[in-house]
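*Asks:*
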Amino acid sequence: MSTPGISVLEGKYMVTMDLFPQESKEFNQVYQFYEYLKEGRFTTTKCKDCGFEPFPPRILCPNCYSNNMEWIDWPTEGTVIDVTEEVVGVPLGFGKPPLVHALVDLGGKTTFFVRIINCKESELKPGDKVKLAVFDIDSVPQESGREVVNIPRVFYAFEPVK
Amino acid sequence: MERNVCVIAGGMSKWGVRDGSQRDLFQEAAKACYDDNPHLNPKDIDGLLVASAYTERTSYQTHLAPLVAEYVGVKPRSVCARVELLCASGSSAIILAFALIKSGQADVVMVAGGEKLYTPQKWEVFYSELASVDHDWDGTQGLGLPPPVFAMVAKQHMKRYGTKKEHLAAVSVKNRRNSSKNPKAQFQTPVTMEEVMNGRMIVPPLTLYDCCPITDGAAALVLAVEEKARTMTDKPLVYVRGTGQASVNNMSANMPNWTTWEALKIAAKEAYRKAKVEPKDIDLAMTHDCFTISEIIEMEDLGFCEKGDGGPFVADGQNDLGGKVPTNTDGGLLGCGHPFGGTGIRQAIEVTRQLRGDAIQQVPGVSIGLTHNLSGFIAAHTVLIYGKEVA
Chain A
0 MSTPGISVLE GKYMVTMDLF PQESKEFNQV YQFYEYLKEG RFTTTKCKDC
50 GFEPFPPRIL CPNCYSNNME WIDWPTEGTV IDVTEEVVGV PLGFGKPPLV
100 HALVDLGGKT TFFVRIINCK ESELKPGDKV KLAVFDIDSV PQESGREVVN
150 IPRVFYAFEP VK
Chain B
0 MERNVCVIAG GMSKWGVRDG SQRDLFQEAA KACYDDNPHL NPKDIDGLLV
50 ASAYTERTSY QTHLAPLVAE YVGVKPRSVC ARVELLCASG SSAIILAFAL
100 IKSGQADVVM VAGGEKLYTP QKWEVFYSEL ASVDHDWDGT QGLGLPPPVF
150 AMVAKQHMKR YGTKKEHLAA VSVKNRRNSS KNPKAQFQTP VTMEEVMNGR
200 MIVPPLTLYD CCPITDGAAA LVLAVEEKAR TMTDKPLVYV RGTGQASVNN
250 MSANMPNWTT WEALKIAAKE AYRKAKVEPK DIDLAMTHDC FTISEIIEME
300 DLGFCEKGDG GPFVADGQND LGGKVPTNTD GGLLGCGHPF GGTGIRQAIE
350 VTRQLRGDAI QQVPGVSIGL THNLSGFIAA HTVLIYGKEV A
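As given, the protein sequences belong to chains A and B, one line each in that order. Numbering that gives the first Met the number 0 applies: residue 0 is where the first sequence begins, and numbers increase by one. Numbering that gives the first Met the number 0 applies: residue 0 is where the second sequence begins, and numbers increase by one.
1) Is the CB-CB distance between VAL103(A) and THR78(A) below 9 Å?
2) Thinking C-beta only, is ILE377(B) closer than 9 Å to VAL202(B)?
3) Give every residue of the same chain whose Cβ lies closer than 7 Å to the Cβ of GLY198(B), excluding the five residues on either side of it in the sequence, and list them in chain order.
4) Using a Cβ-Cβ distance cut-off of 9 Å, determine whether PRO146(B) contacts chain A.
5) Please list, in chain order, the chain A residues whose beta carbon lies closer than 8 Å to that of ILE295(B).
6) Between the Cα of ASP81(A) and the Cα atoms of LEU18(A), GLN31(A) and PHE111(A), which residue gives the shortest distance?
7) With a threshold of 6 Å on Cβ separation, who are the neighbours of GLY46(B) within its own chain once the five nearest residues in sequence on each side are excluded?
8) Quick one: grab the DSSP three-state call for GLU69(B).
9) Have a look at LYS45(A) and GLY107(A) and give me their C-alpha separation to the nearest angstrom.
10) Taking GLY88(A) as the query, report the chain B residues whose CB atoms sit under 7 Å from its CB, ordered along the chain.
11) If you check the beta carbons only, do CYS86(B) and ALA218(B) fall under 9 Å apart?
12) Tell me which residues share the same chain as ARG352(B) and place their Cβ nearer than 7 Å to its Cβ, disregarding the 5 neighbours each side in the sequence.
13) Runs of 4 residues minimum, wholly inside the segment 2 to 61 of chain A: which ones carry the alpha helix (DSSP H) assignment?
14) Kindly indicate which residue of ALA111(B), SER102(B), ALA274(B) and GLY103(B) has the alpha-carbon position closest to the one of SER391(B).
15) Quick one: list the residues of chain A neighbouring TRP122(B), beta-carbon separation under 7 Å, in chain order.
16) Compare the C-alpha of ILE7(B) against each of SER58(B), ALA262(B) and VAL237(B) and name the closest.
17) Would GLY113(B) and ALA28(B) qualify as a contact pair, given that the criterion is a beta-carbon distance under 9 Å?
18) Determine whether the beta carbon atoms of MET285(B) and LEU369(B) lie at a separation below 9 Å.
19) MET0(B) and GLY341(B): beta carbons closer than 9 Å?
20) Using the Cα positions of ASN318(B) and THR326(B), report the straight-line distance between them to the nearest angstrom.
21) Run down chain B in chain order and give the residues with a C-beta less than 7 Å from the C-beta of VAL113(A).
22) Can you tell me where the alpha helix (DSSP H) with GLU84(A) in it begins and where it stops?
23) So which of ILE136(A), VAL89(A) and THR42(A) has the shortest CA-CA distance to PHE162(A)?
24) So the beta strand (DSSP E) VAL4(B) belongs to, where does it begin and stop?
25) Within the same chain, show all residues whose beta-carbon is closer than 8 Å to that of VAL268(B), passing over the 5 residues directly before and after it, in chain order.
26) Closer than 8 Å between beta carbons: that is the criterion. Which residues of the segment 148 to 165 of chain B meet it against chain A?
27) Could you tell me the alpha carbon to alpha carbon distance between CYS5(B) and ASN372(B), rounded to whole angstroms?
28) Relative to the C-alpha of LEU63(B), which residue among HIS287(B), ILE100(B) and ALA80(B) is closest?
29) For CYS63(A), does the three-state DSSP call read helix, strand or coil?
30) So what's VAL382(B) in DSSP terms, helix, strand or just coil?
31) Write down the C-beta distance between GLY89(B) and ILE281(B) rounded to the nearest angstrom, noting that I regard them as a contact closer than 8 Å.
32) Count the CB pairs spanning the segment 307 to 323 of chain B and the segment 178 to 198 of chain B that are closer than 8 Å, and state whether there are at least three.
33) With three or more beta-carbon pairs closer than 8 Å as the criterion, would you say the segment 88 to 101 of chain A touches the segment 28 to 38 of chain A?
34) Using a cut-off of 8 Å between C-beta atoms, extract the partners of PRO55(A) located in chain B.
35) So that I know if they touch, is there some Cβ in chain B lying closer than 9 Å to that of ALA132(A)?
36) In whole angstroms, give me the CA-to-CA distance for ARG152(A) and ILE71(A).
Okay, structure coming up:
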């Protein structure tokens with residue numbers, strides 16, 4: 000597949016044009032987050048020394064500066080605090096308008112501003128329950144020696160509990 | 000001996016959807032800056048800081064400062080580097096230029112900032128904006144372009160403090176009226192309350208006129224140590240009195256409060272302390288009205304009115320010409336547009352003109368002016384205070 004006007008791009012993957020991060024262990028030290036996501040688990044890292052649970056997951060505790068981190072499960076269901084619906088300006092790759100976001104209280108752990116999928120316009124209201132929704136995204140053609148291996152990927156949004 | 004730092008020249012290109020490249024816009028800004036002060040010899044500029052956020056993304060150009068130096072005819076020898084803090088890139092560069100001059104590492108520094116954001120297909124800038132937030136965690140939720148974030152801020156502020164859509168609209172009407180007097184602004188026409196209230200929906204409750212546009216443009220400012228500044232201009236000197244910059248979170252999950260911006264309060268407190276002033280001493284302000292709700296919250300968190308009273312404060316004309324603290328007298332982001340690296344410099348230019356007494360819409364009796372930017376997912380705040388006298 001060639002890109003009009005850019006003749007050298009035939010068949011090439013450009014990380015700078017990718018919506019999503021690299022999830023493989025060769026490129027990401029929190030790759031387990033994505034592995035757990037494939038099992039339907041929503042996780043983060045907890046510091047074994049001070050007990051802090053930062054999100055996003057990381058390899059250094061920003062509270063006590065230890066690197067003694069372990070993976071823990073977080074709730075996969077939350078409560079909607081409020082909702083926005085983007086009618087104009089939805090970026091490429093996020094479907095047709097409206098793009099729905101909600102401020103979600105994730106079981107008291109934190110408040111996330113997340114994308115809501117499988118949700119009709121005006122459907123979601125404050126107080127509604129939403130749950131983790133994991134979906135496949137484009138794989139990455141990653142060089143492995145002389146071979147190119149397709150690395151499957153997933154990502155998450157939330158969806159209404161029906 | 001104390002080294003005081005003064006602004007001695009400033010100018011900007013025409014802002015808008017521009018017919019030109021990034022380097023064209025920097026040259027236009029430099030020309031306007033040189034024309035602002037014929038006593039300044041650009042050969043006397045010893046340092047250059049360039050502010051640009053999307054230079055690699057939309058102009059495919061890194062190592063920008065030497066390129067700009069070559070194009071605008073300066074030969075830096077004290078500093079030559081680029082500064083990036085997205086929407087606050089320009090103000091960040093001014094803070095660093097101030098610090099370099101104050102410390103004796105530089106004497107005369109040009110700060111030039113700007114962006115060429117429009118590419119031949121407009122989807123590309125929307126797509127590139129996914130890099131403006133934490134790309135891996137918030138960008139992946141489609142939160143690059145900021146309207147959903149500020150729509151949520153507006154909804155929460157309305158719920159908590161009773162702020163109304165009419166209050167938001169008052170900000171837009173004021174800033175568009177101001178930009179209609181500014182020939183460099185993106186929008187040259189005022190809008191009525193009725194037009195704003197019936198604007199095209201973007202993310203409820205925000206309509207078209209609640210949102211600043213995407214803009215091409217550049218601006219340039221020259222700062223100098225006071226003893227040299229006195230020989231380089233015949234206009235009144237404008238002093239940088241104090242600065243503050245703070246960040247308490249980046250990703251949305253770590254936002255401590257959606258309606259009170261903690262980092263803004265910290266940055267403002269720091270700037271007020273260094274400038275030896277209080278909110279009541281500020282005669283005019285250029286605040287980051289990327290959205291109408293932003294200016295309302297900024298009036299509160301900068302201390303110009305009580306928390307929660309920002310809506311009635313703006314609707315009552317308290318931050319309009321003739322009010323308590325005239326704000327965004329050149330049109331702000333809503334009227335001038337917002338080429339990220341250029342905005343803080345554009346604000347500094349307007350404050351400089353107001354303090355010198357040669358602004359287009361001159362506010363009488365101005366002696367202290369403030370600029371403010373927020374950047375990213377409301378993740379950092381930058382405040383500078385300027386004055387006719389040193390702190």
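By construction, the Cβ of each residue, glycine as well, lies at the ideal position given by its N, Cα and C atoms.
*Replies:* Per the coordinate set shown:
1) Residue numbering aside, residue 103(A) sits at position 104 when the first sequence is read from its first letter. Residue numbering aside, residue 78(A) sits at position 79 when the first sequence is read from its first letter. Cβ atoms of VAL103(A) and THR78(A): closer than 9 Å.
2) Numbered from 1 along the second sequence, position 203 holds the residue referred to as residue 202(B). Numbered from 1 along the second sequence, position 378 holds the residue referred to as residue 377(B). No. Outside cutoff.
3) Here residue 198(B) is taken as the residue at index 199 of the second sequence, counted from 1. The answer, listed in chain order, is THR206, LEU207 and TYR208.
4) Start at 1 with the first residue of the second sequence, and residue 146(B) comes out as number 147. Closer than 9 Å to some Cβ of chain A, the Cβ of PRO146(B) qualifies, so yes.
5) If you number the second sequence from 1, residue 295(B) lands on position 296. Taking a Cβ-Cβ cut-off of 8 Å, ILE295(B) has no neighbours in chain A, whose nearest Cβ is about 18 Å from it.
6) Your numbering for residue 81(A) matches position 82 in the first sequence. For the options LEU18(A), GLN31(A) and PHE111(A), the alpha carbon positioned closest to that of ASP81(A) is the one of PHE111(A).
7) Translated into the one-based positions of the second sequence, residue 46(B) becomes position 47. The beta carbon of GLY46(B) is closer than 6 Å to those of PRO75, SER77, VAL78, ALA105 and VAL108 in its chain, skipping five residues each way along the sequence.
8) For the purposes of this step, residue 69(B) is taken as residue 70 along the second sequence, with counting starting at 1. The DSSP-derived three-state label of GLU69(B) is helix.
9) Here residue 45(A) is taken as the residue at index 46 of the first sequence, counted from 1. Here residue 107(A) is taken as the residue at index 108 of the first sequence, counted from 1. C-alpha of LYS45(A) to C-alpha of GLY107(A): approximately 16 Å in a straight line.
10) Numbered from 1 along the first sequence, position 89 holds the residue referred to as residue 88(A). Within 7 Å Cβ-Cβ: PHE125, LEU144, PRO146 and ILE201.
11) By 1-based counting over the second sequence, the position of residue 86(B) is 87. By 1-based counting over the second sequence, the position of residue 218(B) is 219. CYS86(B) is not a Cβ neighbour of ALA218(B), given a cutoff of 9 Å.
12) In the second sequence, counting from the first residue as 1, residue 352(B) sits at position 353. Only ALA358 meet the Cβ criterion.
13) If we require 4 residues or more, the alpha helix (DSSP H) runs fully inside the segment 2 to 61 of chain A come out as 30 to 37.
14) The question about residue 391(B) has no answer, for chain B in this structure spans 0 to 390.
15) Here residue 122(B) refers to the residue found at position 123 when the second sequence is read from its first residue. Neighbours of TRP122(B) on chain A, chain order: LEU91.
16) Along the second sequence, read from residue 1 onward, the residue named residue 7(B) stands at position 8. Comparing C-alpha distances from ILE7(B) to each of SER58(B), ALA262(B) and VAL237(B) shows the shortest one belongs to VAL237(B).
17) One-based indexing of the second sequence puts residue 113(B) at position 114. One-based indexing of the second sequence puts residue 28(B) at position 29. In this structure, the beta-carbon distance from GLY113(B) to ALA28(B) falls below 9 Å.
18) The sequence position of residue 285(B) within the second sequence is 286, counting from 1. The sequence position of residue 369(B) within the second sequence is 370, counting from 1. A distance below 9 Å separates the beta carbons of MET285(B) and LEU369(B).
19) Counting from 1 along the second sequence, the entry for residue 0(B) is found at position 1. Counting from 1 along the second sequence, the entry for residue 341(B) is found at position 342. Not closer than 9 Å, so no.
20) The residue you call residue 318(B) lines up with position 319 of the second sequence. The residue you call residue 326(B) lines up with position 327 of the second sequence. Each residue's Cα considered, the two are about 5 Å apart.
21) Translated into the one-based positions of the first sequence, residue 113(A) becomes position 114. Contact annotation for VAL113(A) against chain B: GLN140 [CB-CB distance below 7 Å, chain order].
22) In the first sequence, residue 84(A) corresponds to position 85, counting from 1. Unbroken run through GLU84(A) is the beta strand (DSSP E), 76 to 85; no alpha helix (DSSP H).
23) In the structure as shown, chain A starts at 0 and stops at 161, and residue 162(A) therefore has no counterpart that could be examined.
24) For this step, residue 4(B) is matched to residue 5 along the second sequence. VAL4(B) -> beta strand (DSSP E) spans 4 to 11.
25) Position 269 of the second sequence, counting from 1, holds the residue named residue 268(B). Strictly speaking, residue 268(B) in this sequence is Lys, with Val absent from that position. Result list for LYS268(B): GLY243, in chain order.
26) If the cut-off is 8 Å between Cβ atoms, the segment 148 to 165 of chain B has VAL148, ALA150, MET151, LYS154, GLN155 and LYS158 near chain A.
27) Indexing the second sequence from 1 puts residue 5(B) at position 6. Indexing the second sequence from 1 puts residue 372(B) at position 373. For CYS5(B) and ASN372(B), the distance between alpha carbons rounds to 20 Å.
28) Residue mapping note: residue 63(B) aligns to position 64 of the second sequence, counting from 1. Out of HIS287(B), ILE100(B) and ALA80(B), ALA80(B) has the C-alpha closest to the C-alpha of LEU63(B).
29) Residue numbering aside, residue 63(A) sits at position 64 when the first sequence is read from its first letter. Of the three classes helix, strand and coil, the one that applies to CYS63(A) here is coil, per DSSP.
30) Position 383 of the second sequence, counted from the first residue, corresponds to residue 382(B). Reduced to three states, the DSSP call for VAL382(B) is strand.
31) The sequence position of residue 89(B) within the second sequence is 90, counting from 1. The sequence position of residue 281(B) within the second sequence is 282, counting from 1. Contact check for GLY89(B) and ILE281(B): beta-carbon distance about 20 Å, past the 8 Å limit, so the pair fails to qualify.
32) Short answer: they don't touch.
33) When Cβ pairs closer than 8 Å are counted between the two stretches, the segment 88 to 101 of chain A is seen not to touch the segment 28 to 38 of chain A, the count staying below three.
34) Locating residue 55(A) in the first sequence gives position 56, counting from the first residue. What PRO55(A) touches in chain B: ASP133, ASP135, TRP136, MET250 and ALA252.
35) Mapped onto the first sequence, residue 132(A) falls at position 133. Chain B contact via Cβ: absent.
36) Here the question's residue 152(A) lines up with position 153 in the first sequence. Here the question's residue 71(A) lines up with position 72 in the first sequence. About 21 Å.
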